Amino acid sequence: PPSHLSSSTSLHLITWLTFITHDGLEYTLERERLYIGGATLEYCQFDRECSSVLLLTHQYFAMLHDSKTPAPAHNGEKTPDDVAGAVDKRKPLYTYQQTEDDVTIQLNPGPGLSSSALSISVQAKSVHVSIRGGEQLLAATFLHAVQPDTATWTVEDGKVEVCVCKAVAGHSWERLLKEEHLLGEEITDSSQVEKATDRLAHLTSGTWGGNSEMEDTPAYNPGQLESCDDADSDLLLLLLDGQVAKSVQDTPKAQLGNTQYLATIQSGDGPAMFCVRHDVDGVVYRVEESRHSNERFSHAATFNAFGYVRAGKTMAKFTTAPSDCNYIAISDVRSHVYLFCQPQPMGGVLKNRVTGKVTSKVSRQLLLSLPCHNEVMGIFALSKVLFVCTDECLYAYALNFGGT
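One point on numbering: in UniProt numbering, the residue at position 317 of the sequence shown is 317, and numbering is uninterrupted.
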C-alpha cells in the first residue's frame, strides 16, 4: 500500500468492476480497478455519468490496481497535507523588502558572479534575471506595476539585489509576484513596522472600552460542550476519476473540516444525496448533472437543528430521508424510530407575545414504537411511507404529515 497508509491499523478497499454486453444477455468483465484507504467510507457513489466515484471519508484513497492502465507508483508518496508541510520548509527562491515607495528583490545564485555575467530586465509588470548563456534565476510577473526606468541592481558577495520604485507609492503589497508557486520570503524592516503602527495608533486603544472584568472571561464555557457534538476527524470529499489513474496528490478533493456525516439520502434519479452537519443543522447536498459543470454539488434541503438532535441519539443505528426531504428518520438499535418533519402549514397562526413574531408553520416530531423489540436491520424512506425491517418482520408505516 502507499506509504501514507503504513501506520493505519485497518485498510479499506473499493473494487470497481466494469462489465460490457453486446446482446443484453451475456456480460463480460472489461476492467477492474482497486482503490485503498485507511478510513471508513461514509459515502461512496458513482457520479451521474458513472465515470467517477465520489467519496466522503476521513483519509485519502489511492489507486492500487487498474487492469487497463498502470496505476501510479506510490513508493514514498505523501498526502497533500504532507506536501504542503514540505513546501513550507523549502528554501525560498528569493527574498524581498518593501517600503512605501519601492521594492527590493534579493537573489543568492552563489559566489563568483559579476554584474557583467548577469542579464537583468525589469518591465512595468515583469522581471527577468539570468546568467548570460546559462541558468535563469528568476522570470516572473509583479503583483502590481512598477516604474522600470527607476530600476537599479548590484552584485556583491554572490548576492544579486534589484531595486525598483512602485508605480503607486504608499501601497503595501501583500506579496511580490503573481506566481504563487515561486516561493519567496518577505524580510520585514522594523522601522517600517513602527511607521505602520504609528499610522494605526488612532484606531487602537491601550484600555478596554467596556467592563475590564471581561478581559479574562471566555466567550463560552468549554465545560458546556458535549463530546457527541465533536467529529473524530476532518471530513474529506474525494473524486476518483475512472478514466485517468491519478496519484493521491492529484486526486480532486475538498476539505469539509471537522464536521459530522449524518445521512445518505436516495435521490431517485441519480447518485444519492448526502447530509452533513453545519453548526446545529443538517445540510443536504445533491450531485449535479455534468462532470464539466462549475458546480458539482448543489444545496437540496436543510433540516433545522438536526445536527444537534442526531448527536444526542446515542442509540441510533440508521438515519435516512425520502428524496423530497420532507422528513428525516432515525432508528434506534431496536424498538423505536424517530421522525423529524419539515415545517408544515398548521391552518392558523401563532404569535409570540414578547417579540410579536408570527408563524403559520410548525415542525412535528413523531415517535414510532415498533410492535416488537427485535433488532432493526434497516429502514427505507418514501415521501408517504416508511419501511422498517427487523430480523423477523417488515413494517410499512403510512405517513400523513398534512393531516391531524
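Heads up, the beta-carbon is just placed ideally off N, CA and C, and yes, glycines get one too. This one's a predicted model, so the numbers in the text were calculated from it and none came from an experiment.
Check: Excluding sequence positions up to five away, which residues of its chain have a Cβ less than 8 Å from the Cβ of V385?; Outcome: A396, Y397, A398 and L399
Check: Use the C-beta contact count for S121: other C-beta atoms within 10 angstroms, 16 or more gives buried, fewer gives exposed.; Outcome: exposed
Check: Between T251 and L238, is the Cβ-Cβ spacing less than 7 Å?; Outcome: yes
Check: How many Å lie between H12 and P92 at the Cα?; Outcome: 39 Å
Check: Which two residues bound the contiguous alpha helix (DSSP H) that contains A140?; Outcome: No alpha helix (DSSP H) holds A140; the beta strand (DSSP E) holding it covers Q136 to T141.
Check: Answer yes or no: do L107 and L143 have a C-beta to C-beta separation smaller than 7 Å?; Outcome: no
Check: Give the secondary structure of S115 by DSSP, where H, G and I count as helix, E and B as strand, and everything else as coil.; Outcome: helix
Check: Could you check if M63 is buried or exposed, using at least 16 other CB atoms within 10 Å of its CB as the buried criterion?; Outcome: buried
Check: Quick one: using the 10 Å Cβ neighbour count with 16 as the cut-off for buried, is G348 buried or exposed?; Outcome: exposed
Check: Less than 8 Å between the CB atoms is what I'm expecting for Q59 and S172, so what's the real figure, rounded?; Outcome: Rounded, the Cβ-Cβ distance is 40 Å, inconsistent with contact.
Check: Can you grab the Cα-Cα spacing for the pair L41 / T319, in whole Å?; Outcome: 16 Å
Check: Would you say N400 lies against chain C (beta-carbon separation less than 7 Å)?; Outcome: The chain inventory of the structure shown lacks chain C, comprising one protein chain alone.
Check: What does DSSP give as the partner residue(s) for R33 in the beta ladder?; Outcome: W16 and D66
Check: Please report the straight-line C-alpha distance between Y94 and V168, rounded to a whole angstrom.; Outcome: 23 Å
Check: Give me the Cα-Cα distance between S114 and K178, rounded to the nearest whole angstrom.; Outcome: 28 Å
Check: Which of the three DSSP states, helix, strand or coil, is assigned to F303?; Outcome: strand
Check: Could you give the distance in angstroms between the alpha-carbon of S323 and the alpha-carbon of H181?; Outcome: 44 Å
Check: Specify, as a first and last residue, the run of the beta strand (DSSP E) that D281 falls within.; Outcome: D281 to V287
Check: From what residue to what residue does the beta strand (DSSP E) around I105 run?; Outcome: D102 to L107
Check: Look up Y308 in the DSSP assignment and say whether it is helix, strand or coil.; Outcome: helix
Check: If we count the other Cβ atoms within 10 Å of its Cβ and call it buried at 16 or more, is T57 buried or exposed?; Outcome: buried
Check: Starting from V244, trace the beta strand (DSSP E) both ways and give me its first and last residue.; Outcome: From DSSP, V244 is part of no beta strand (DSSP E); its letter is neither H nor E.
Check: E215: buried (16+ other C-beta within 10 angstroms of its C-beta) or exposed?; Outcome: For E215, the pLDDT reaches just 47, beneath the cut-off of 50, and the residue's location in the model is therefore unreliable, leaving the point undetermined.
Check: Would you check if the distance between the CB atom of V376 and the CB atom of K317 is smaller than 7 Å?; Outcome: yes
Check: Who are the near neighbours of Q365 in its chain, counting only those whose CB is closer than 8 Å to its CB and skipping five residues on each side?; Outcome: Y338, L339, F340 and C341
Check: Comparing C-alpha positions only, which one of H278, S119, E30 and T15 sits nearest to Q45?; Outcome: T15
Check: Judging by CA-CA distance, which residue of R334, L394, A151 and T28 is the nearest neighbour of D101?; Outcome: A151
Check: Between the Cα of Q260 and the Cα atoms of A254, H278, V244 and K253, which residue gives the shortest distance?; Outcome: H278
Check: Since K166 sits in a beta bridge, which residues does DSSP pair it with?; Outcome: V146
Check: Using the rule of at least 16 other Cβ atoms within 10 Å of the residue's Cβ for burial, across every protein chain shown, is Y96 buried or exposed?; Outcome: buried
Check: I want to check one thing, is the minimum distance from the CB of Q98 to the heavy atoms of the ligand PLP below 6 Å?; Outcome: This structure does not include the ligand PLP; it has no bound ligands of any sort.
Check: Whose CA, out of R353, K68, D332 and E185, lies closest to the CA of T390?; Outcome: D332
Check: Applying the criterion that 16 or more other CB atoms from any shown protein chain within 10 Å of the CB defines a buried residue, is A254 buried or exposed?; Outcome: exposed
Check: What does a CB cutoff of less than 6 Å around I330 pick up in its chain, not counting 5 residues either side in sequence?; Outcome: K313, A316, T319 and Y338
Check: Please classify V60: does DSSP put it in a helix, a strand, or coil?; Outcome: Reading off the sequence, residue 60 comes out as Tyr, not Val. Note: Y60 maps to coil in three-state DSSP.
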